[in-house]
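Here's the structure we're looking at; comments come further down.
In mature numbering (1 follows the signal peptide of the UniProt record, and there is no 0), the protein residues as written are -20 to -1, 1 to 379.
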């Protein structure tokens, strides 16, 4: 065995050092992980980055940083050889593209043609010039897709066509689609962009400058459980139709939205209560002026008619949609009285039974004591000729 091979074997076996090889322009960091991260600096490597150029471990976690320009079709080569059995199950197979400060990004349509093994993709701080139609289709499925920071100069309705965002077998299955802290062209998400994402569980469009949201935007996202439109100051209300098809929705984050508080606009409060939807940050009024920066629930309680939950039925209103009728009140009172009577009766029964048991025990003790005295007297009288009492048949024969 060669000296170098012996050295590598000893390092990996006894010291934990991972011997890795990577293309020029890439570095490997395994500081806090058994499967570390390869980082390749845009402009420092020569395209294509070949799969065979990375060894021990495989490039399961890859970062392309300092990007400013185009990632052409030939950026990656041979990555289709990354079979599922090569993935370290302790980590998701991921790619992150990070742009330099003010860096632009143009993605070729076939950039991910050999990257179907990927489970998570994140694009950070990039001024995205364009995202071609079906640009992510070669990835087939993703556990998460993040676009954070920077801007998107064009946002077509078909960029997600061919991709399914769904929970995968990764350490943290999320099925999430996130656009966050990004300036979005036109200040809106195009209608139809989310069509086909029937398995996505979480969508976050946070601080992306939205001024409106089309009522049909989430119509096909029927598996959605968490939705966030936080910090989009241009939105002042949402319509019922926006979430009417989301029967599994359990969390709706509207933090940082200056709501136009009216009784009609605050339908979301009663809808959330009735359907078990959490509003993690509550809702804050932007208008009217006297309620600015105050909780919408305060406006609703003070300004909106909440006494109609019972309609024409006599009863007590406990909330915007909760009514306790007189019949229910009487029924609960009767039930309560019945339970009290039953408890008292049970206590009395237990008490009397206990007394009877004690009396029986005392009677048994007395009976046993009397019989013991009789037996003792008989034993003592046996020597002096004393006889036991005659039977009744013997007494009857006397004259």
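The C-beta atom is built at its ideal place from N, Cα and C for all residues, glycine as well. Keep in mind that this is a model prediction, so the values were computed, not measured.
DSSP places residue 253 inside the alpha helix (DSSP H), whose first and last residues are 247 to 255. For residue 278, the enclosing alpha helix (DSSP H) starts and ends at 276 to 283.
Residue range 74 to 79 is occupied by the beta strand (DSSP E) that includes residue 76. With a 10 Å radius around the Cβ and a threshold of 16 neighbouring Cβ atoms, residue 130 comes out buried. In this model, residue 353 and residue 339 are separated by some 21 angstroms (Cα to Cα).
Straight-line measurement puts the Cα of residue 112 at about 6 angstroms from the Cα of residue 89. Short of 8 angstroms from the beta carbon of residue 205, and not among the five residues preceding or following it, lie these beta carbons of its own chain, in chain order: 181, 182, 228, 229, 230 and 231. Counting only the Cα atoms, residue 217 lies some 43 angstroms from residue 313. A direct Cα-to-Cα measurement between residue 275 and residue 235 gives close to 11 angstroms. Residue 91 counts as buried, since no fewer than 16 other beta carbons sit within 10 angstroms of its beta carbon.
Here DSSP, grouped into helix, strand and coil, assigns residue 102 to strand. Proximity to residue 76 across 68, 66, 117 and 95 peaks at 95, based on C-alpha coordinates. CA-CA distance, residue 58 to residue 74, rounds to 16 angstroms.
DSSP places residue 232 in the uninterrupted beta strand (DSSP E) bounded by 231 to 233. If only uninterrupted beta strand (DSSP E) runs of at least 3 residues are considered, those enclosed by the stretch 293 to 355 are 295 to 299 and 302 to 305.
Counting other Cβ atoms within 10 Å of its Cβ, residue 347 stays below 16 and is therefore classed as exposed. When secondary structure is reduced to three states using DSSP, residue 266 falls in the strand class. Taken atom to atom, the span from the alpha-carbon of residue 248 to that of residue 280 is near 11 angstroms.
Comparing alpha-carbon positions, the option among 169, 211, 24 and 49 lying closest to residue 195 turns out to be 169. Less than 8 angstroms divides the Cβ of residue 212 from the Cβ of residue 187. Taking C-alpha positions only, residue 273 is separated from residue 264 by approximately 6 angstroms. Bounds of the beta strand (DSSP E) holding residue 186 are 182 to 186. DSSP, read as helix, strand or coil, puts residue 61 in helix. Within the DSSP secondary-structure output, residue 132 pairs in a beta bridge with 108 and 164. Distance from the CA of residue 284 to the CA of residue 277, rounded to the nearest whole angstrom, comes to 10 angstroms. Spatial neighbours of residue 1 in its own chain (CB-CB distance under 8 angstroms, excluding positions within 5 residues in sequence) are listed in chain order as 33, 34, 35 and 36. Look at residue 50 here: in three-state DSSP terms it is strand.
A residue is called buried once 16 or more other Cβ atoms fall within 10 Å of its Cβ, and residue 219, having fewer, is exposed. Boundaries of the beta strand (DSSP E) harbouring residue 9: 6 to 9, taken from the DSSP string. Under the DSSP definition of a beta bridge, residue 154 lacks any partner.
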